[in-house]
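Undergrad: Below is one structure. I have some questions about it.
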Amino acid sequence: MQKEQLIAKFQELYGEGGEIRTYFAPGRVNLIGEHIDYSQGFVLPFAIDLYTSVAIRKRNDGIVRIASSQRNQHFETFEVSKIKPGYGNGWVKYPLGVLWALGISEGVDIFIDGKVPSGAGLSSSAALECSIAFVLNELFSLGKTLKELALLTQKAENDYVGVPCGIMDQSISLMGKSGFALLIDCGDLSTTLVPLDLTRADLQLLIIDTGVHHALVDGGYAERRASCESAAAKIGVASMRQLSAALLENNQKNLTDSEFMRARHAVTEIARVLETVTKLRESDYLAVGKILNESHRSLRDDYTVSCPESDLVVNTANANGALGARMVGGGFGGSVIALIDRAETGKISIAIEQAFANADYKPPRFFTSLPSDGASLIN
Ligand code: GLA
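Numbering-wise (this note's numbering), the sequence shown opens with residue 575 and increments by one.
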């Protein structure tokens with residue numbers, strides 16, 4: 575939604591007057607580094623050009639009103655003094671959680687327009703949280719850094735919404751930069767920009783939404799996270815980041831089969847991220863494609879977070895000439911990325927559509943996006 579349109583909708587809903595600010599925060603695609611942010615690993619996501627816009631205005635009566643263009647534009651009303659975990663139901667827990675995490679004690683009117691498809695593994699929830707956090711930081715001159723905002727929005731999702739997510743999605747939604755993927759060290763949140771100019775190599779990343787909805791609250795995500803933590807505790811390391819392949823082998827007998835497999839994914843995935851950065855810098859995209867395939871196999875076989883629909887997309891893309899493909903995000907559905915020759919986009923998309931039709935799956939959706947900017951003012 576354009577700025578003028580967003581403000582017009584806001585005024586239609588809440589009335590005119592006062593200063594209205596408008597900001598956006600994007601969704602993300604993770605090139606590689608899956609399920610290792612909560613193990614202090616490295617991840618390599620980029621922000622996409624699908625985003626959540628937000629318009630906001632201060633109130634002086636301690637009331638918070640929240641509405642979204644995706645929810646028929648009816649607003650819900652809350653009292654800022656009551657905002658703490660357990661207050662509010664459904665999607666409003668995301669904005670309420672951010673107000674809580676940032677310690678806001680004044681009233682606001684908030685209008686949200688979210689264009690990141692939800693359940694597609696493209697991080698619509700981080701886009702929502704980060705757009706609100708960014709706007710509150712500016713509106714109340716909180717002076718928080720982007721890193722601090724990332725940690726606070728993660729806290730909102732963990733403690734208010736109740737989803738035990740890591741730090742990747744919020745970090746990239748806030749810190750993304752057009753033309754770059756962002757290497758994030760989830761141990762200390764330090765970042766390095768990695769140029770990602772696929773167009774120059776006549777390539778593109780096709781994003782395929784399988785249409786299968788994942789729900790991180792369902793327990794599968796928390797169970798994987800807990801396995802990594804118990805494996806680390808048994809081996810005597812702080813996290814998977816401190817684990818080497820050799821140390822893992824030596825400790826296999828002390829771990830359950832599933833702890834060993836989860837840990838093997840974490841250790842190998844961290845190595846794959848660093849290898850991808852090297853190969854990107856050398857413009858060796860064939861090697862990048864192979865690493866994407868290895869990542870997918872590891873997520874499918876060791877981490878067991880893929881699903882038949884995602885596997886079908888990966889296999890079909892590869893059988894039709896992709897350099898590599900893998901599931902992205904939390905898994906159990908959501909999206910797949912395929913690194914492909916731009917000229918092959920039509921052929922590969924049609925092959926995937928056909929494979930889905932043959933398997934009686936509902937039609938997948940296709941997106942592409944260049945690496946885009948993180949949360950910003952809407953001009
Ligand atoms: C979800 C979580 C992230 C990350 C990914 C898997 O998107 O929100 O923190 O763990 O899954 O890499």
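The beta-carbon is built from N, C-alpha and C at its ideal position, and this holds for glycine as well.
Is the beta carbon of C881 within less than 8 Å of some heavy atom of ligand 1?
TA: no
Undergrad: Does the region 753-761 come within contact of the region 612-622, defined as at least 3 CB pairs closer than 8 Å?
TA: yes
Undergrad: Would you kindly work out how many angstroms separate the C-alpha atoms of V737 and E731, rounded to a whole number?
TA: 6 Å
Undergrad: Could you work out which residue in L716, T878, L725 and N894 is closest to D703 when comparing CA atoms only?
TA: It is worth fixing the name first, because residue 703 is Glu in this sequence and not Asp. Closest by alpha carbon: L725.
Undergrad: Is it true that the CB of R836 sits closer than 9 Å to the CB of Y877?
TA: yes
Undergrad: Quick check on the DSSP output: the beta strand (DSSP E) that includes R900 runs from which residue to which?
TA: G898 to M901
Undergrad: Does ligand 1 have a heavy atom nearer than 8 Å to the CB of S752?
TA: no
Undergrad: Please state whether the Cβ-Cβ distance between S705 and A806 is less than 9 Å.
TA: no
Undergrad: So for L618, helix, strand or coil by DSSP?
TA: coil
Undergrad: Only counting the same chain, and skipping five residues up and downstream in sequence, which positions put a Cβ closer than 7 Å to that of A796?
TA: P738
Undergrad: Distance check for I686 and A641, CA to CA, integer angstroms please.
TA: 6 Å
Undergrad: What are the start and end residues of the beta strand (DSSP E) that includes P600?
TA: R595 to N604
Undergrad: For V851, which residues in the same chain have their Cβ closer than 7 Å to its Cβ, ignoring the five residues on either side in sequence?
TA: L618, L757 and V768
Undergrad: Output the residue ranges of the beta strand (DSSP E) runs that lie fully inside the region 742-771 and measure 3 residues or longer, sorted by chain position.
TA: 754-759 and 764-769
Undergrad: Counting C-beta neighbours from all protein chains within 10 Å, is the total for I924 16 or more, i.e. buried, or is it exposed?
TA: Taking all protein chains in view, the Cβ of I924 is surrounded by fewer than 16 other Cβ atoms within 10 Å, so the residue is classified as exposed.
Undergrad: Where does G810 fall in DSSP's three states?
TA: coil
Undergrad: Assuming Y625 and A701 form a contact by the criterion Cβ under 8 Å, report the distance between their Cβ atoms to the nearest whole angstrom.
TA: 6 Å
Undergrad: Along the chain, where does the alpha helix (DSSP H) containing T651 start, and where does it finish?
TA: It is not in any alpha helix (DSSP H) - T651 instead sits in the beta strand (DSSP E) that spans E650 to E653.
Undergrad: Identify every residue that forms a DSSP beta bridge with V628.
TA: Y597 and I686
Undergrad: Determine, using beta carbons only, whether G753 and L913 come nearer to each other than 9 Å.
TA: no
Undergrad: Alpha carbon to alpha carbon, how far is E653 from G607?
TA: Straight-line Cα distance between these residues: approximately 40 Å.
Undergrad: Assign E578 to buried or exposed, taking buried as 16 or more other Cβ atoms, counted over all protein chains shown, within 10 Å of its Cβ.
TA: exposed
Undergrad: For F941, write down the residues that DSSP places opposite it in a beta bridge.
TA: I781
Undergrad: Which one or two residues does DSSP pair with D915 in a beta bridge?
TA: Answer by DSSP bridge pairing, in chain order: L777.
Undergrad: Counting pairs of beta carbons, one from the region 668-684 and one from the region 622-639, are three or more of them closer than 8 Å?
TA: yes
Undergrad: By how many angstroms is the C-alpha of L670 removed from the C-alpha of Y548?
TA: A query on residue 548 cannot be resolved here, the shown segment of the chain reaching from 575 to 953 and no further.
Undergrad: Quick check: the Cα distance between L951 and D743, rounded to an integer number of angstroms?
TA: 19 Å
Undergrad: From I746, K729 and G592, pick the residue whose C-alpha is nearest to that of G903; which is it?
TA: I746
Undergrad: Using only the heavy atoms of ligand 1, determine whether one of them is closer than 8 Å to the beta carbon of E608.
TA: Under cutoff, so the answer is yes.
Undergrad: Would you tell me roughly how many angstroms separate the C-alpha atoms of D947 and G589, rounded to the nearest one?
TA: 31 Å
Undergrad: Assign R939 to one of two classes, buried (16 or more other C-beta atoms within 10 Å of its C-beta) or exposed (fewer than that).
TA: exposed
Undergrad: Counting Cβ pairs closer than 8 Å, one from the region 879-898 and one from the region 848-867, do we hit at least three?
TA: yes
Undergrad: Out of curiosity, what's the CA-to-CA distance linking I781 and S857?
TA: 21 Å
Undergrad: Give the single residue among V879, A755 and I809 whose Cα lies nearest to the Cα of R798.
TA: V879
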